[in-house]
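One structure below.
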Amino acid sequence: MLTSIKNLAALALAATVAQAAVVTYNWNITYVNANPDGLFERRVIGVNGQFPIPAINVTLNDTLVINVINQIDQPTSLHSHGLFQTGNGQFDGPSMVTQCPIPPGANFTYTIPIEQHGTYWIHGHYQGQYVDGLRGPLVIHNINETYKYDAEYTIALADWYHKDHSVMLEQYLSIFNPSGAEPVPESGLINQQTDAKFEFIPGKTYRLRIINMSALAMFHFHIDGHEMEIIEIDGIDVERTKVTSFPITAAQRYSVLVTARNETTNNYVLHADMDPAMFDVVPDELQLNVTGTIVYDAAAPLAPEETSQWDEFNDAELVPVIPEETALPDKVFALTAVFSVLDDYSNKATFNDITYVMPKVPTLYTALSTGNLSSNPEVYGKFTHPLVVQHNDWVEIIINNDDAGNHPFHLHGHVFQIVGRGEGKYDPSTPYPNYFNTTNPARRDTVLVPSEQNVAIRFRANNPGVWLFHCHIEWHLQAGLATTFIEAPEIMSSILKIDPSHFEQCKALGIPYSGNAAGNEGLDLTGANVGPGLLPGTFTGKGVVALVFTIIAALLGLGTVIWYAREDDAHIAAQIAKAKDTEETH
Ligand code: CU1
Ligand code: CU1
Ligand code: CU1
Ligand code: CU1
């Protein structure tokens, strides 16, 4: 008996080894013209002359190799969202955090050992390139999946804009937008189109992998005539949980099991409703009701569309299949997120009054080139908002959302446990009754913190490296809603060796790749990039918005009118006008 078990184990091991492969994708990053919503053709960022970008498919234990050739006229970098990259943080991708961006015309290879399974995505992490199209699904198959199903579909949801991200970003961060109204998308897409179809065969069970690749939009997902069971969140398999609908924020993923009906008399509408609460203004022409079709028989009629009902849903109640207990934290960071007009008169985001600004040296290179000083947060510069933790610390982050908007916060290099959720600001002196869920809490890599609420998350600092923690609304990241975790600097250089190809990118762009955040030795931060500070005085955020409007009106008067008039897109002007109307409530 023992022998046969041993043999089985040997067989399983052999099977595992046999399946491990090096899977190579050659990605020429190129501009492509596309018209995914059928309303407007524009230049987008695609791969190998294609848009949508085809999904990456790999299996646990494979090594994923992505050979990038940057054929666009701006630098770029790629982030594999949700991958731990244990000991491999040099290939995590965020520009000026773990690498210099890849210059136009240059090559760079990402080599990523695959240590997880589930549903992920890959996207540009240089400025807002993913908003312009540089994003695609990354599906990691398990060797033996936890749940049985007959077939699967990947359903990538995304918001879509008609203008280039850079153009909208300039307007968003300008002094003419002191309320911080985000650009509202023109469309919502399913698999980068407006008419996605998914064939179902009676009686079969499907795994649907739903990914939200949006810049801003949150969707509510449901399917007419079918029940769904959630089985995965952000790469973590969870106990089957029946739902009629669920919300999915930017950067989150869900897998659901859906059993096909036993007849083919009708086809059914699949719904991804955009949540209007995410938009400052909902333009009349914006179709919030984004749909696709479950097709049983191309000739069959569509079943009458059901009215949308959104489930009250708490992802913190989902139960991971592989339990992981929590522990009392060694380090607690309370981060309060606020948007306000700073002393450059633009609306920026802050965590504890600091708005993120990129350093002159990518933070990972600073960690690896400053010796003993790498444990001193000062070397990373105040405006990368460095949070230093030691190897294997249990780290708790209490995120207080003191803003009128909802924010999906994402941590690179980890999943975190959702251990608490509450109203208002978390007050450690009066903990909520039963606030902390310490029994196998839900784990994921992106969590929604609704307006005027708080969420407590925990993770173990078992992945030496430099990991960004930020709001995954791309506009908010660009507005500075980010901090940087410096994890285990005391042992980082013994684990991470930077491939020399990194420094070629830096040299070509004239970016220094050693020293502190200013590119200097020691703690001399002369010349470091600095962000705007808080406006002086006793103004509240709302008061400042009102004040700034007054100043703008007084100083520019007619000028603003001309600026609006020159704006050829009426809807941006409408947003600004609307922002004025709502300045008191924002
Ligand atoms: Cu990420
Ligand atoms: Cu991401
Ligand atoms: Cu946000
Ligand atoms: Cu990121």
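Here the sequence shown is numbered in the numbering used here, starting from 763 and rising by one per residue. Glycine included, C-beta positions come from ideal geometry on N, C-alpha and C.
Apart from the five residues on each side of it in sequence, which residues of its chain come closer than 6 Å, Cβ to Cβ, to Thr1245?
-> The answer, listed in chain order, is Phe1113, His1147, Leu1149 and Phe1231.
State the Cα-Cα distance for the pair Asp996 and Asp1077, rounded to the nearest angstrom.
-> Linking Asp996 to Asp1077 through their CA atoms gives a straight-line distance of about 11 Å.
Contact check, His984 vs Ser1007 under 8 Å by CB: the rounded distance?
-> The distance from the Cβ of His984 to that of Ser1007 is about 4 Å, consistent with a contact at the 8 Å cut-off.
Would the beta-carbon of Pro856 be found less than 7 Å away from any heavy atom of ligand 4?
-> Taking 7 Å as the cut-off, the C-beta of Pro856 counts as close to a heavy atom of ligand 4.
Hey, would you say the C-beta of Gly844 is under 7 Å away from at least one heavy atom of ligand 1?
-> Within the cutoff, so yes.
Going by the C-beta, is Leu1243 closer than 7 Å to any heavy atom of ligand 3?
-> Yes - ligand 3 has a heavy atom lying nearer than 7 Å to the Cβ of Leu1243.
Which residues share a DSSP beta bridge with Phe1231?
-> In DSSP, Phe1231 forms a bridge with Leu1173 and Thr1245.
Residue interval of the beta strand (DSSP E) (run including Gln1179) = Taken as a continuous stretch (DSSP letters only), the beta strand (DSSP E) holding Gln1179 covers Phe1178 to Glu1185.
On the DSSP bridge assignment, give the partners of Trp1237 in chain order.
-> Answer is none; Trp1237 lacks a bridge partner.
Buried or exposed: where does Gly895 fall if 16 or more other Cβ atoms within 10 Å of its Cβ makes it buried?
-> It counts as buried.
For ligand 2, any of its heavy atoms closer than 7 Å to the Cβ of His1169?
-> Flag unset: Cβ of His1169 not near ligand 2.
With a Cβ-Cβ cutoff of 8 Å, do Val806 and Val820 count as a contact?
-> Cβ distance not < 8 Å, so Val806 and Val820 don't count as in contact.
Kindly indicate the opening and closing residues of the alpha helix (DSSP H) around Ala1129.
-> Where Ala1129 is concerned, the enclosing alpha helix (DSSP H) stretches over Thr1125 to Ser1131.
Pairwise C-alpha distance: Val901 and Ala782 = Those two C-alpha atoms are separated by around 15 Å.
Between Glu877, Ile828, Glu1068 and Gly1184, which lies nearest to Val1175 when the distance is taken from Cα to Cα?
-> It should be pointed out that residue 1175 corresponds to Gly in this sequence rather than to Val. Looking at Glu877, Ile828, Glu1068 and Gly1184, the one whose alpha-carbon comes closest to that of Gly1175 is Glu877.
Beta-carbon proximity list for Lys966, same chain, < 7 Å, skipping 5 on both sides = These residues qualify, in order along the chain: Asp912, Ala913 and Ala1022.
In whole angstroms, what separates the C-alpha of Trp1156 from that of Phe1171?
-> Looking at the two C-alpha atoms, the distance is approximately 19 Å.
Please go through the region 1038–1103 and give each complete beta strand (DSSP E) segment of 3 or more residues, from N-terminal end onward.
-> As far as the region 1038–1103 is concerned, its whole beta strand (DSSP E) runs of at least 3 residues are 1051–1057 and 1093–1103.
Rounded distance between the beta-carbons of Asn1162 and Leu1090, thought under 8 Å = Rounded, the Cβ-Cβ distance is 20 Å, inconsistent with contact.
Reduced DSSP secondary structure (H/G/I, E/B, other) of Asn869 = It is a strand residue.
Option in Ala1099, Phe853 and Lys1122 with minimal Cα separation from Ile1116 = From the listed residues Ala1099, Phe853 and Lys1122, the smallest Cα separation to Ile1116 is found for Ala1099.
In DSSP terms, what Ser949 is bridged to | Trp922.
If we ignore side chains and look at the alpha-carbon of each, how far apart do Val1351 and Ser976 end up?
-> Residue 1351 lies beyond the stretch modelled for the chain, which goes from 763 to 1348, so this question has no answer here.
Does the separation of the CB atoms of Leu978 and Asp926 fall below 8 Å?
-> The answer is no: Cβ separation not under 8 Å.
Helix, strand or coil at Lys910 according to DSSP, with G and I counted as helix | Three-state result, Lys910: coil.
Ligand 6 heavy atom lying under 7 Å from the CB of His1176 = Because ligand 6 does not appear in the structure shown, any question about it cannot be addressed here, the ligands present being ligand 1, ligand 2, ligand 3 and ligand 4.
With a floor of 3 residues, list each beta strand (DSSP E) that falls wholly inside the region 804–847, ordered by position along the chain.
-> The region 804–847 contains these whole beta strand (DSSP E) runs: 804–809, 818–821, 825–832 and 840–843.
For Cys1233, is the beta carbon positioned less than 7 Å from some heavy atom of ligand 3?
-> Result yes, Cβ under 7 Å from ligand 3.
Under the three-state reduction of DSSP, which class applies to Ala1250: helix, strand or coil?
-> Assignment of Ala1250 by DSSP, reduced to helix, strand and coil, places it in the coil class.
Can His927 be considered in contact with ligand 3, in the sense that its beta carbon sits closer than 7 Å to one or more heavy atoms?
-> His927 Cβ: outside cutoff for every heavy atom of ligand 3.
Just curious, the beta strand (DSSP E) that Val1217 is in, first and last residue?
-> That run of the beta strand (DSSP E) goes Gln1215 to Arg1222.
Are the region 1069–1084 and the region 997–1016 touching by the rule of at least three beta carbon pairs closer than 8 Å?
-> Using a Cβ-Cβ distance cut-off of 8 Å, the region 1069–1084 and the region 997–1016 are in contact, since at least three pairs of beta carbons, one from each stretch, lie closer than that value.
Host alpha helix (DSSP H) of Met975 (start-end) | Unbroken run through Met975: none, as it is neither H nor E.
Do Gln1215 and Gly1184 have their C-beta atoms closer together than 8 Å?
-> Contact flag set, yes.
Which of helix, strand or coil DSSP assigns to Asp999 = Strand, per DSSP.
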